[in-house]
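2 protein chains.
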Amino acid sequence: MIDDDPLARPHAGPGQREILEAAAIAFTRSGYAATTIDDIAREMGATKGRVYHYYRAKADVFLDVVISGMDEMIAGIQPIAADESLPVETRLWRMVHHHAGLMMTRNSFQRVAVQAVEMHRLREQPAQQKALDKVVAMRDQYEQLFADVIDEGRRGGVFREVDSRLATKPALGALNWISLWYDPQRGDYNTRQRVANEYADFIIGGLRRSPA
Amino acid sequence: MIDDDPLARPHAGPGQREILEAAAIAFTRSGYAATTIDDIAREMGATKGRVYHYYRAKADVFLDVVISGMDEMIAGIQPIAADESLPVETRLWRMVHHHAGLMMTRNSFQRVAVQAVEMHRLREQPAQQKALDKVVAMRDQYEQLFADVIDEGRRGGVFREVDSRLATKPALGALNWISLWYDPQRGDYNTRQRVANEYADFIIGGLRRSPA
DNA sequence: GTCTATATGTGGATAGAC
DNA sequence: GTCTATCCACATATAGAC
Chain A
1 MIDDDPLARP HAGPGQREIL EAAAIAFTRS GYAATTIDDI AREMGATKGR
51 VYHYYRAKAD VFLDVVISGM DEMIAGIQPI AADESLPVET RLWRMVHHHA
101 GLMMTRNSFQ RVAVQAVEMH RLREQPAQQK ALDKVVAMRD QYEQLFADVI
151 DEGRRGGVFR EVDSRLATKP ALGALNWISL WYDPQRGDYN TRQRVANEYA
201 DFIIGGLRRS PA
Chain B
1 MIDDDPLARP HAGPGQREIL EAAAIAFTRS GYAATTIDDI AREMGATKGR
51 VYHYYRAKAD VFLDVVISGM DEMIAGIQPI AADESLPVET RLWRMVHHHA
101 GLMMTRNSFQ RVAVQAVEMH RLREQPAQQK ALDKVVAMRD QYEQLFADVI
151 DEGRRGGVFR EVDSRLATKP ALGALNWISL WYDPQRGDYN TRQRVANEYA
201 DFIIGGLRRS PA
């Protein structure tokens with residue numbers, strides 16, 4: 001959801017939450033297709049029955065993980081994007097920094113969200129297509145948060161003359177890619193800071209108006 | 001392969017080539033796990049038998065597609081990276097531009113290669129692990145081509161003081177991401193030029209030494 | 001070399017005991 | 001609400017005809 005409080009999300013019982021955490025880990029480990037419901041159940045020391053009590057199908061579990069991860073991302077970035085008291089450059093820097101941080105600290109959920117984005121172009125089953133369309137819509141809305149800030153910076157002369165919508169692609173691509181190489185087992189707080197800083201500098205630099 | 005001529009690759013018969021092209025399309029459409037051998041066969045107007053005559057298992061087909069895509073990438077970038085007659089900044093710009101181009105023109109193969117990179121962290125089956133390790137090794141070697149150029153630019157004062165190895169992550173992440181959103185059906189030559197230029201400017205800008 | 005069976009294993013989903 | 005038992009579809013891989 002985007003327009004209402006994440007905590008008020010219809011499907012958010014306490015039983016679900018445990019399943020979602022387990023599912024995020026399992027999907028991250030093996031990918032959507034290769035993950036079995038048994039894997040998810042085993043991850044939380046239970047059996048299939050428990051999962052199927054809360055969800056009708058594997059795809060539903062998957063989508064709930066994805067929406068959950070995206071909610072978290074949007075909830076974190078939106079306030080920064082909307083903070084008019086900060087200069088655009090600072091605002092974008094912080095958005096990028098925050099996004100990078102979540103890619104590392106909430107690796108499982110974000111990695112699964114990335115999988116979902118991929119799937120939309122490989123249209124898995126027509127059945128799930130409708131639900132995946134929702135995911136794509138959320139992603140588009142998220143991209144727009146970045147595009148708007150980039151546009152503002154461009155108009156203000158801080159950023160280059162770019163097609164803001166196109167410019168979000170390398171920026172968010174670079175960021176989302178983090179979930180593919182970052183190993184949450186190995187990184188500590190300092191490493192994460194270092195990575196997030198480098199990404200923020202990199203992306204701001206990529207958009208900033210050339211000196212010459 | 002990296003150290004020898006791609007054309008001399010052991011498994012490169014004419015029968016194989018047709019299978020690889022079909023497999024690349026099929027894997028791109030549905031992902032590794034969801035693609036069936038029947039899908040691949042149907043893609044080239046044949047049946048399972050033909051595929052299994054050349055390959056012992058689905059994983060082998062997949063890996064051959066991946067290696068093939070990576071070979072193509074390395075073969076294109078290496079000469080640019082080695083051309084000492086060009087200033088570092090130009091060299092890197094062209095490497096990025098070329099990489100971006102292949103992501104679009106050879107979308108299927110590159111998209112499959114991206115899938116493989118993902119899989120290494122999600123260690124599918126221990127059986128395939130050994131082969132995937134090779135893929136990871138090739139990717140590391142490829143990253144090093146970029147890291148070396150970045151280091152050279154850093155020492156020369158053109159680029160910022162970055163950890164070159166870390167700096168390849170946002171750069172190649174942004175680039176590889178192209179295969180996930182670019183739709184080869186819709187883009188024409190001009191679009192591809194525009195995208196590749198924007199990516200090259202973006203990445204060079206992200207590494208260039210700040211004006212102030 | 002390419003095809004049509006077919007053996008075999010696995011995993012999503014359901015039924016029903018507790 | 002959580003479990004075990006089971007049905008059933010489907011996909012890998014093989015055997016063997018042509």
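As they're listed, the protein sequences go chains A and B.
Under UniProt numbering, the first residue of the first sequence is numbered 1, with each subsequent residue one higher.
Under UniProt numbering, the first residue of the second sequence is numbered 1, with each subsequent residue one higher.
Positions of the beta carbon are idealized from the N, C-alpha and C atoms, including for glycine.
Note that the structure is a prediction, hence the values are computed from the model and not measured.
Residues of its chain near residue i, where Cβ-Cβ distance is below 6 Å and the 5 sequence neighbours each way are ignored
i	result
A:Arg154	none
B:Ala131	Leu63
B:Ala196	His97, Ala100 and Gly101
B:Met103	Gln110, Ile178 and Ser179
A:Ala8	Here the model assigns A:Ala8 a pLDDT of 49, short of 50, so the residue's position is not dependable, and the following value carries that caveat. Excluding positions up to five away in sequence, the list is empty.
B:Tyr182	Met104
B:Arg165	Ala147
B:Val61	Ala23 and Tyr55
B:Gln128	Ala59
B:Glu143	Thr168
A:Arg192	Met104
8 Å contact criterion, which residue i and residue j should meet: CB distance rounded
i	j	result
B:Ile80	B:Met95	5 Å
B:Phe146	B:Arg208	About 15 Å; that fails the 8 Å criterion.
A:Phe27	A:Thr35	5 Å
B:Ala200	B:Trp93	5 Å
Neighbouring residues, chain A, relative to residue i (Cβ below 9 Å)
i	result
B:Val162	Glu198, Asp201 and Phe202
Residue i vs residue j beta-carbon contact at 8 Å
i	j	result
A:Arg121	B:Leu180	yes
B:Glu84	B:Ile204	no
A:Ala150	A:Val162	Reading off the sequence, residue 150 of chain A comes out as Ile, not Ala. Cβ distance < 8 Å, so A:Ile150 and A:Val162 count as in contact.
B:Ala23	B:Ile40	yes
B:Lys134	A:Trp177	no
B:Val117	B:Val65	no
B:Glu152	A:Ala167	no
B:Met33	A:Gly13	In the sequence as presented, Met is not what sits at residue 33 of chain B; that position holds Ala. Against a cut-off of 8 Å, the Cβ pair of A:Gly13 and B:Ala33 comes out as no contact.
A:Phe202	B:Gly206	yes
Contacts of residue i in chain A (Cβ-Cβ under 7 Å)
i	result
B:Trp181	Lys169
B:Gly206	Phe202, Ile203, Gly205 and Gly206
Residue i: contacting residues in chain B (beta-carbon distance under 9 Å)
i	result
A:Val117	Leu180 and Trp181
A:Val195	Leu166 and Lys169
A:Gly187	In chain order: nothing, as chain B lies at least about 12 Å away.
Spatial neighbours of residue i in its chain, beta-carbon cut-off 7 Å, leaving aside the 5 residues before and after
i	result
B:Ser68	Leu20 and Phe109
A:Tyr54	Gly15, Gln16 and Ile19
A:Asp4	The predicted position of A:Asp4 is uncertain, since its pLDDT is 43 and thus under 50; no value can be drawn from it.
B:Pro6	Here the model assigns B:Pro6 a pLDDT of 44, short of 50, so the residue's position is not dependable, and the following value carries that caveat. Cβ neighbours of B:Pro6 beyond the five flanking positions: Asp71 and Ala75.
B:Ile2	Here B:Ile2 scores only 38 on pLDDT, less than 50, and its place in the model is too uncertain to base an answer on.
A:Gln78	Leu145
A:Arg50	Ala41
B:Lys48	Ile37, Asp38 and Ala41
Contacts that residue i makes with chain B (C-beta to C-beta distance below 8 Å)
i	result
A:Asn190	Residues of chain B passing the Cβ test: none, with the nearest at roughly 13 Å.
A:Trp177	Lys169, Pro170, Leu172, Gly173, Ala174, Asn176 and Trp177
Contact list for residue i against chain A, beta-carbon separation under 8 Å
i	result
B:Arg121	Leu180, Trp181 and Asp183
Proximity test, residue i beta-carbon vs the ligand GDP heavy atom, cut-off 7 Å
i	result
A:His97	Absence of the ligand GDP is noted for the structure shown, with no ligands found whatsoever.
Contact set for residue i: own chain, Cβ-Cβ below 8 Å, skip 5 residues either direction
i	result
B:Arg91	Ile80, Ala81, Asp83 and Val149
>> To be precise: take each residue of the stretch 146 to 170 of chain A, compare its Cβ to all Cβ atoms of chain B, and keep it if any distance is under 8 Å. Which residues remain?
In response: Arg160, Val162, Asp163, Leu166, Ala167, Lys169 and Pro170
> Of the residues that make up the stretch 52 to 84 of chain B, which ones have a beta carbon closer than 8 Å to any beta carbon in chain A?
Replying inline: none
>> Along the stretch 102 to 115 of chain A, where does the CB come closer than 8 Å to a CB of chain B? Name the residues.
In response: none
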